[in-house]
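Top line first, the protein sequences correspond to chains W and X. Just so you know, the first sequence maps onto residues 1 to 359 in my numbering. Just so you know, the second sequence maps onto residues 360 to 718 in my numbering. We put the beta carbon where it would ideally sit given N, CA and C, even for glycine. Take a look at the structure below.
2 protein chains.
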Amino acid sequence: MAWTRDNSKRLARRSTIKDVARESGVDVSTVSRSLNHKGYVNPETRMRILAAAERLNYMPNRLARGLVTGDSHTLGLIISDIRNPFFAEMARGVEDSANHAGFDLVLCNSDLHPEKQRRYIKSLASRGIDGIIVNWAASLQPPEEDVLMSYGIPIVLLNSPTGVRKLSTVSMDNLQGGFLAGSYLLKLGHRRLALLTGPEDQARVAERQKGFLRSIESSGDKPSALILHGDQSFLGGYRMAWKLISDHPEVSAVFTHNDVMAFGALKAFAEAGRRVPDEISVVGFDNVEISQMIQPALTTINQPKYEIGAAAVELLLMLKTTPNLAAPIHRVFGVSLVERQSAMRFTQSFPTQRLEPRP
Amino acid sequence: MAWTRDNSKRLARRSTIKDVARESGVDVSTVSRSLNHKGYVNPETRMRILAAAERLNYMPNRLARGLVTGDSHTLGLIISDIRNPFFAEMARGVEDSANHAGFDLVLCNSDLHPEKQRRYIKSLASRGIDGIIVNWAASLQPPEEDVLMSYGIPIVLLNSPTGVRKLSTVSMDNLQGGFLAGSYLLKLGHRRLALLTGPEDQARVAERQKGFLRSIESSGDKPSALILHGDQSFLGGYRMAWKLISDHPEVSAVFTHNDVMAFGALKAFAEAGRRVPDEISVVGFDNVEISQMIQPALTTINQPKYEIGAAAVELLLMLKTTPNLAAPIHRVFGVSLVERQSAMRFTQSFPTQRLEPRP
DNA sequence: CTGAAAGCGCTTACAG
DNA sequence: CTGAAAGCGCTTACAG
């Protein structure tokens, strides 16, 4: 009955350190010391205090604690869009690591808008955030870097933009990824290749392209590589693939800047009746979870997304404890090719074979 | 030069309300009033204060403010796993709404572990969170509901578990979804149907199944419906589809509890050489983004994921302003069937036709 | 219209 | 080993 009454009073005041102090007959400072294992406190009184805290269902107010200690045990993650499976996977790595270290994670979707990004950073700063992980829009200018640093908050950048010099970063070896994809296709005997990619002013785009081209150049017999720039999306991949189908029927293998573009290309090829991989090979980039679920399963470049996220918080926490780093730290993860069913050895183009059977 | 020096001193102290007060020659209380548009303050001194704040690049410390006002302008979202595209989409709706209303969002992945869930809730409570959105593991028992309510924090439940009575919820019409899927398949002329689904003790599973069965029952000519329970995953769908292939070759249409299971089924059918939709129709549930990218594009039940997320924060904010609600609010969103290419009109099974051509 | 005071819930030197 | 005091950065009645 009393229980029911209690319940009716919706916003029951939460018990504070004062309540615990009163309940156990000591000063709040003693309670604080007991709960935080700081300074000496008689084991017996300590037990008494802990019991009282338990009884009152006491939870320390982290805002109050943060106000005096100066850290809020909260990390911020600013990404373009959590709906992008790449970021979702990374975000999970971030959250797991953060949580494990006792930090909360506040999630911010910037859509890569510089203004929105700035707003988020300000907002995070004003809540006394302990560190921020951000995948910065386009390339970061030195003055912007200074602004970021002026907050005095540890920051780590994802997918290090080009030209960063003072901020720490964690990224993957995009160059190597492009090179792996190209080499693989070459090894399969393809000589007419195409790259479907995004705008070149993005560091990632430029690097993957560079790696891809490097593999072509290091091949003895001068294979050709066509490069199409467009939208880094499903639709972008779809459109560029159609362009390929109509204008460049000779290409037998395509590498896309990411998996989603590969999905778009796959759709176009299916519509055009060009069978993958028999008639045309496709290699993606990211190894998004879905890439193994589709038909044919996508051969792609794997990036350790989860690990990258986890590493970013590790770095952040390190930065926090050693704020006067001589130089920023850059950590880059290796990538690898995962072979599935969307690419195969080059053979003479099918239509020709079918139309002109040799007797 | 002086600039360079300043920069070297990494953790520059952020300016506080005191600095602004000193700089503009007034008391902190006046600064506070000016900045918050509360109480009267002479327009001229106000301008002076604003200018000073601007000059010092003043950002109010939200921890301090939260400590006195009692709210932290932060919302919590507890879901099983952000890597699930369904939750990613919803989370985006939540974050956008929260951000729009001036709230930060802290993201928590519970993996549906009750213990982890409880820890998150405690942690959020101790940071003075303003509200929590959570998709509760399994069904919520009344005593647990009381515990949740005892925190005095507005809470809204996602995918309302069965038996919830005091907490507000937002969910979708799972029954209707199941019904739609079944009716559609029936309308296409299929009479041997199968449902590939998860463990029945989950509310969602039970409801979709119930809706599906209801459509079957309301059909005059007693079609058959086979129900397979298994893992609600790609692999689960894959395995159950194989079981179907070997044990029940007569079924011509399958409905899966979610899209990912449908992807698994699609893979199994491809491997078994059963063409979709010509030889077997498939309908999923969720309308995950990828479902339109695969081949064949998946016919599925759409849920307004983003809107559900947005509605959840709306509800939360409402709950916050009117804490003494007489009864909890339940909001349920409608679903709809989106017709794509994975299902088609029933025809005689192909093998028979092919093997016994009629003269 | 403005300032002085009290207080939010904690922690941290500092006496004792 | 423990308590009294000061203070973190703000807001909010309350005088004046």
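Item, Value
"What runs of the alpha helix (DSSP H), each 4 residues or longer, lie entirely inside the segment 393–446 of chain X?", "402–414, 421–428"
"Per DSSP, what kind of secondary structure is His248/W in: helix, strand or coil?", "coil"
"Cα separation between Asn416/X and Ile132/W?", "20 Å"
"Determine the closest residue to Ile434/W out of Gly230/W, Gln141/W, Leu105/W, with distance taken between C-alpha atoms.", "Only positions 1 to 359 of chain W appear in the structure, and residue 434/W is not among them; the question remains open."
"With a Cβ-Cβ cutoff of 8 Å, do Phe538/X and Leu554/X count as a contact?", "no"
"If you compare alpha carbons, which of Val26/W, Gln202/W, Lys320/W, Ser342/W is closest to Leu185/W?", "Ser342/W"
"State yes or no: is the beta carbon of Val106/W nearer than 8 Å to at least one beta carbon in chain X?", "yes"
"Between Arg633/X and the rest of its own chain, which residues show a CB-CB distance below 6 Å, the 5 nearest in sequence each way excluded?", "Ile639"
"Assuming contact is defined by CB atoms lying nearer than 8 Å, are Val679/X and Met59/W in contact in what I supplied?", "Here the sequence assigns Lys to residue 679/X, which means Val is not the residue at that position. No, they are not a contact pair."
"Going by C-alpha to C-alpha distance, which of Met47/W, Asp286/W, Val254/W sits closest to Gly177/W?", "Asp286/W"
"List the endpoints of the continuous alpha helix (DSSP H) containing Ala553/X.", "Per DSSP, Ala553/X belongs to no alpha helix (DSSP H); it is in the beta strand (DSSP E), 551–556."
"Output, in chain order, the set of chain X residues within a Cβ distance shorter than 7 Å of Gln295/W.", "Leu625, Lys626, Ala629, Gln654"
"In or out: Asp130/W buried (at least 16 other Cβ within 10 Å) or exposed?", "buried"
"For chain X, check one thing: does any of its Cβ atoms lie closer than 8 Å to the Cβ of Pro304/W?", "no"
"Within 8 Å, do at least three Cβ pairs link the segment 424–444 of chain X to the segment 403–415 of chain X?", "no"
"Taking Cβ-Cβ distances shorter than 7 Å, what residues in chain W pair up with Met418/X?", "Lys122, Ala125, Ser126"
"Tell me which residues share the same chain as Ser374/X and place their Cβ nearer than 7 Å to its Cβ, disregarding the 5 neighbours each side in the sequence.", "Leu415, Asn416, Tyr417"
"At a CB-CB cut-off below 8 Å, which residues of chain X make contact with Gly66/W?", "Leu422"
"What are the uninterrupted segments assigned as alpha helix (DSSP H) that are 4 or more residues long and contained completely in the segment 440–485 of chain X, given in chain order?", "444–459, 473–485"
"Determine, for Ala88/W, whether the minimum Cβ-Cβ distance to residues of chain X falls below 8 Å.", "yes"
"Do Ser215/W and Ser246/W have their CB atoms nearer than 8 Å?", "no"
"Among the candidates Asn468/X, Val387/X, Ala540/X, Arg392/X, whose CA atom is the shortest distance from the CA of Leu696/X?", "Ala540/X"
"Kindly list, in the order they appear in chain X, the residues whose Cβ is closer than 7 Å to that of Ile444/W.", "Here chain W comprises residues numbered 1 to 359, so residue 444/W is not present and cannot be evaluated."
"Distance check for Lys187/W and Pro363/W, CA to CA, integer angstroms please.", "Residue numbering for chain W in the displayed model covers 1 to 359; residue 363/W lies beyond these limits and cannot be assessed."
"Round the Cβ separation of Gly128/W and Ser72/W to the nearest angstrom and send it over; I've been treating them as touching at under 8 Å.", "4 Å"
"Taking the alpha-carbon positions, what's the Lys368/X to Thr299/W distance?", "Confidence at Lys368/X is low in this model, with a pLDDT of 35, below 50, so its placement is unreliable and no value can be given for it."
"Counting only C-beta atoms, is Leu355/W closer than 8 Å to chain X at any point?", "In this prediction, Leu355/W scores a pLDDT of 41, lower than 50, which makes its location untrustworthy; no coordinate-derived value is stated."
"At a Cβ threshold of 8 Å, is Glu339/W touching chain X?", "no"
"Cα separation between Leu226/W and Leu516/X?", "52 Å"
"Pull out every residue of the segment 405–417 of chain X whose Cβ sits closer than 7 Å to any Cβ of chain W, in chain order.", "none"
"Taking Leu582/X as the reference, which of His549/X, Arg567/X, Arg563/X has the closest Cα?", "Note that residue 582/X is Pro in the sequence shown here, rather than Leu. Comparing Cα positions, the closest option is His549/X."
"If you follow the alpha helix (DSSP H) that Asp618/X is in, where does it begin and where does it stop?", "618–631"
"In this structure, what does DSSP give as the bridge partners for Ala253/W?", "Leu193/W, Ser281/W"
"Which ranges does the alpha helix (DSSP H) cover as unbroken runs of at least 4 residues, wholly within the segment 508–596 of chain X, from first to last along the chain?", "533–546, 562–576"
"Per DSSP, what are the beta-bridge partners of Ser336/W in this structure?", "Asn302/W"
"Please confirm whether Ile441/X has its beta-carbon closer than 8 Å to some beta-carbon of chain W.", "yes"
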